[in-house]
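The letter at position 49 of the sequence shown is residue 76 when you use this note's numbering, and the numbering goes up by one with no holes.
To start, the structure under review is shown below, and the notes come after it.
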Amino acid sequence: MAIFKKFSGESDLRLAMIGAQLGNRVLQIGHADPNLIARLATKVGLSGQAAALVSEEAAAAAVNRAAEAQGVLVDVKVAPLRTPPFAQGWFDIVVIPELIGHMRPHERVGALQGARHVLRVGGRCLVIEAAPRGGLGVLFSARSLDPHYRTAGGAETALQADGFKPVRTLAERNGLLFTEGVNPDAVE
28 MAIFKKFSGE SDLRLAMIGA QLGNRVLQIG HADPNLIARL ATKVGLSGQA
78 AALVSEEAAA AAVNRAAEAQ GVLVDVKVAP LRTPPFAQGW FDIVVIPELI
128 GHMRPHERVG ALQGARHVLR VGGRCLVIEA APRGGLGVLF SARSLDPHYR
178 TAGGAETALQ ADGFKPVRTL AERNGLLFTE GVNPDAVE
(Lines of atoms letter the chains of each structure in order from A and count residues from 1; the text may use other names and numbers.)
(Lines give C-alpha, C1' and ligand atoms only; values in the text may rest on other atoms or scores of the structure.)
Protein backbone atom coordinates (compact mmCIF):
# COMPACT_ATOMS: atom_id res chain seq x y z
CA MET A 1 0.00 0.00 0.00
CA ALA A 2 1.12 3.56 -0.66
CA ILE A 3 0.71 4.58 2.98
CA PHE A 4 3.24 2.02 4.17
CA LYS A 5 5.69 2.92 1.41
CA LYS A 6 5.54 6.59 2.39
CA PHE A 7 6.11 5.79 6.06
CA SER A 8 9.05 3.53 5.24
CA GLY A 9 10.57 6.14 2.94
CA GLU A 10 10.10 8.84 5.57
CA SER A 11 11.97 6.75 8.11
CA ASP A 12 14.72 5.99 5.59
CA LEU A 13 15.00 9.73 4.87
CA ARG A 14 15.49 10.39 8.58
CA LEU A 15 18.22 7.75 8.79
CA ALA A 16 19.95 9.09 5.69
CA MET A 17 19.90 12.67 6.98
CA ILE A 18 21.25 11.64 10.39
CA GLY A 19 24.12 9.80 8.70
CA ALA A 20 25.01 7.50 11.60
CA GLN A 21 27.77 5.02 10.83
CA LEU A 22 29.13 1.88 12.40
CA GLY A 23 30.85 2.75 15.67
CA ASN A 24 29.13 6.12 16.23
CA ARG A 25 27.64 7.04 19.58
CA VAL A 26 24.12 8.41 19.04
CA LEU A 27 21.69 9.96 21.53
CA GLN A 28 18.02 10.66 20.86
CA ILE A 29 16.43 13.25 23.13
CA GLY A 30 12.68 12.85 23.56
CA HIS A 31 10.30 10.04 22.78
CA ALA A 32 8.39 11.34 19.75
CA ASP A 33 9.64 8.42 17.64
CA PRO A 34 10.83 5.40 19.64
CA ASN A 35 11.40 3.42 16.43
CA LEU A 36 13.95 5.96 15.19
CA ILE A 37 16.53 5.25 17.91
CA ALA A 38 15.96 1.51 17.49
CA ARG A 39 16.72 1.80 13.78
CA LEU A 40 19.75 3.99 14.53
CA ALA A 41 21.00 1.25 16.88
CA THR A 42 21.07 -1.14 13.91
CA LYS A 43 23.27 1.38 12.05
CA VAL A 44 25.84 1.96 14.82
CA GLY A 45 26.15 -1.75 15.62
CA LEU A 46 27.82 -3.33 18.62
CA SER A 47 30.91 -1.15 18.28
CA GLY A 48 28.81 2.00 18.71
CA GLN A 49 26.22 3.09 21.23
CA ALA A 50 22.58 4.07 20.87
CA ALA A 51 20.98 5.87 23.79
CA ALA A 52 17.70 7.63 24.46
CA LEU A 53 16.94 10.33 27.01
CA VAL A 54 13.26 10.56 27.96
CA SER A 55 11.43 12.33 30.75
CA GLU A 56 8.85 9.64 31.63
CA GLU A 57 8.87 5.92 32.48
CA ALA A 58 6.10 5.23 29.94
CA ALA A 59 8.27 6.70 27.18
CA ALA A 60 11.20 4.56 28.33
CA ALA A 61 9.01 1.47 28.07
CA ALA A 62 8.01 2.44 24.51
CA VAL A 63 11.66 2.88 23.49
CA ASN A 64 12.56 -0.47 25.08
CA ARG A 65 9.72 -2.21 23.20
CA ALA A 66 10.88 -0.69 19.90
CA ALA A 67 14.47 -1.78 20.58
CA GLU A 68 13.37 -5.28 21.48
CA ALA A 69 11.31 -5.51 18.28
CA GLN A 70 14.42 -4.55 16.25
CA GLY A 71 16.63 -6.89 18.29
CA VAL A 72 19.05 -4.14 19.36
CA LEU A 73 20.36 -2.66 22.57
CA VAL A 74 19.40 0.93 23.42
CA ASP A 75 20.56 2.55 26.65
CA VAL A 76 17.44 4.35 27.90
CA LYS A 77 17.68 6.92 30.69
CA VAL A 78 14.79 8.68 32.41
CA ALA A 79 15.90 12.14 33.53
CA PRO A 80 15.13 15.82 32.96
CA LEU A 81 16.05 16.73 29.38
CA ARG A 82 18.16 19.67 30.56
CA THR A 83 20.51 17.43 32.63
CA PRO A 84 21.40 14.31 30.65
CA PRO A 85 23.00 11.59 32.83
CA PHE A 86 25.80 10.95 30.33
CA ALA A 87 29.47 11.93 30.29
CA GLN A 88 30.43 15.30 28.85
CA GLY A 89 31.44 15.06 25.18
CA TRP A 90 30.47 11.39 24.88
CA PHE A 91 28.19 11.38 21.82
CA ASP A 92 29.02 11.91 18.14
CA ILE A 93 25.43 12.69 17.13
CA VAL A 94 22.46 13.98 19.11
CA VAL A 95 19.06 13.68 17.42
CA ILE A 96 16.05 15.69 18.61
CA PRO A 97 12.93 14.61 16.68
CA GLU A 98 9.64 16.54 16.94
CA LEU A 99 10.38 18.09 20.32
CA ILE A 100 11.85 21.56 20.69
CA GLY A 101 9.12 23.42 18.79
CA HIS A 102 6.54 22.16 21.28
CA MET A 103 8.53 23.17 24.37
CA ARG A 104 8.37 26.38 26.35
CA PRO A 105 11.39 28.65 25.73
CA HIS A 106 13.16 27.85 29.02
CA GLU A 107 12.65 24.09 28.48
CA ARG A 108 13.98 24.38 24.92
CA VAL A 109 17.10 26.22 26.10
CA GLY A 110 17.70 23.60 28.80
CA ALA A 111 17.30 20.68 26.38
CA LEU A 112 19.67 22.22 23.82
CA GLN A 113 22.25 23.07 26.49
CA GLY A 114 22.03 19.47 27.72
CA ALA A 115 22.52 18.23 24.16
CA ARG A 116 25.58 20.43 23.71
CA HIS A 117 27.03 19.22 27.02
CA VAL A 118 27.02 15.53 26.00
CA LEU A 119 28.10 16.20 22.39
CA ARG A 120 31.78 15.86 21.54
CA VAL A 121 33.67 18.76 19.97
CA GLY A 122 32.79 18.68 16.28
CA GLY A 123 29.74 16.51 16.98
CA ARG A 124 26.42 17.17 15.28
CA CYS A 125 23.05 18.01 16.79
CA LEU A 126 20.23 17.31 14.35
CA VAL A 127 16.74 18.70 14.95
CA ILE A 128 13.99 16.96 12.97
CA GLU A 129 10.61 18.66 12.93
CA ALA A 130 7.54 19.12 10.81
CA ALA A 131 8.09 21.66 8.05
CA PRO A 132 5.95 24.79 8.26
CA ARG A 133 2.77 24.52 6.22
CA GLY A 134 1.44 27.20 3.96
CA GLY A 135 -1.92 28.10 2.49
CA LEU A 136 -5.03 26.43 3.85
CA GLY A 137 -2.90 23.75 5.48
CA VAL A 138 -2.10 26.20 8.25
CA LEU A 139 -5.78 26.53 9.16
CA PHE A 140 -6.39 22.78 9.31
CA SER A 141 -3.15 21.83 11.00
CA ALA A 142 -3.44 20.53 14.55
CA ARG A 143 0.19 21.26 15.41
CA SER A 144 0.74 22.98 18.72
CA LEU A 145 4.03 24.82 18.23
CA ASP A 146 5.16 27.59 20.51
CA PRO A 147 4.06 30.67 18.51
CA HIS A 148 7.27 32.54 19.32
CA TYR A 149 9.41 29.61 18.12
CA ARG A 150 8.66 29.89 14.37
CA THR A 151 8.58 33.70 14.30
CA ALA A 152 11.99 33.86 16.02
CA GLY A 153 13.59 31.63 13.38
CA GLY A 154 12.83 28.09 14.53
CA ALA A 155 15.50 25.47 15.10
CA GLU A 156 18.26 27.46 13.37
CA THR A 157 17.92 30.39 15.76
CA ALA A 158 17.52 28.11 18.79
CA LEU A 159 20.69 26.16 17.96
CA GLN A 160 22.69 29.34 17.30
CA ALA A 161 21.50 30.90 20.56
CA ASP A 162 22.78 27.88 22.48
CA GLY A 163 26.26 28.04 20.97
CA PHE A 164 26.16 25.65 18.04
CA LYS A 165 28.28 26.84 15.08
CA PRO A 166 27.81 26.49 12.17
CA VAL A 167 24.07 25.94 11.96
CA ARG A 168 22.28 25.14 8.72
CA THR A 169 19.07 23.74 7.35
CA LEU A 170 20.00 20.48 5.65
CA ALA A 171 16.71 19.82 3.88
CA GLU A 172 12.98 20.29 3.80
CA ARG A 173 11.40 17.23 2.29
CA ASN A 174 8.33 15.03 2.73
CA GLY A 175 6.92 17.47 5.28
CA LEU A 176 10.05 17.30 7.44
CA LEU A 177 12.62 19.98 8.19
CA PHE A 178 16.17 18.91 9.10
CA THR A 179 18.36 21.47 10.91
CA GLU A 180 21.93 20.72 11.96
CA GLY A 181 24.26 22.45 14.40
CA VAL A 182 27.88 21.56 15.14
CA ASN A 183 29.43 21.77 18.60
CA PRO A 184 32.32 24.24 18.14
CA ASP A 185 35.91 23.76 19.31
CA ALA A 186 35.87 26.12 22.27
CA VAL A 187 33.18 27.00 24.76
CA GLU A 188 32.65 30.75 24.64
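In this text, a Cβ means the ideal position worked out from N, Cα and C, and glycines have one as well.
Treat the numbers as computed from the prediction; the structure is a model and nothing was measured.
Taken through DSSP and simplified to helix, strand or coil, Leu80 comes out as strand. The beta carbons of Val209 and Gly149 sit about 6 Å from each other, so the pair counts as a contact at 8 Å. Under DSSP, Ala198 takes part in a beta bridge, and its partners are Phe205. According to the DSSP secondary-structure assignment, Gln55 is paired through a beta bridge with Ala79 and Val122.
DSSP places Lys104 in the strand class (E or B) of the three-state scheme.
A check of alpha carbon separations from Thr206 across Tyr176, Val154, Glu134 and Ala106 identifies Val154 as the nearest. The residue from Asp102, Ala158 and Leu49 with its alpha-carbon nearest to that of Ala182 is Ala158. For Ala114, the secondary structure class from DSSP, reduced to helix, strand or coil, is coil. Counted as a single uninterrupted DSSP element, the beta strand (DSSP E) harbouring Val154 occupies residues Leu146 to Ala157. By the 16-neighbour rule on beta-carbons within 10 angstroms, Gly202 is exposed.
Under the DSSP assignment, Pro174 falls in the alpha helix (DSSP H) whose first and last residues are Pro174 to Thr178.
For Arg66, the enclosing alpha helix (DSSP H) begins and ends at Pro61 to Val71. For Leu49, there is no enclosing alpha helix (DSSP H), as DSSP gives it neither H nor E. In terms of Cβ geometry, Ile56 and Leu80 form a close pair [threshold 7 Å]. Ranked by Cα distance from Pro107, the options Ala94, His133, Gln97 and Leu100 are led by His133. The beta carbon of Val194 is closer than 6 Å to those of Glu183, Leu186, Gln187 and Gly208 in its chain, skipping five residues each way along the sequence. From the listed residues Lys192, Gln97, Gly190 and Ile64, the smallest Cα separation to Lys104 is found for Ile64.
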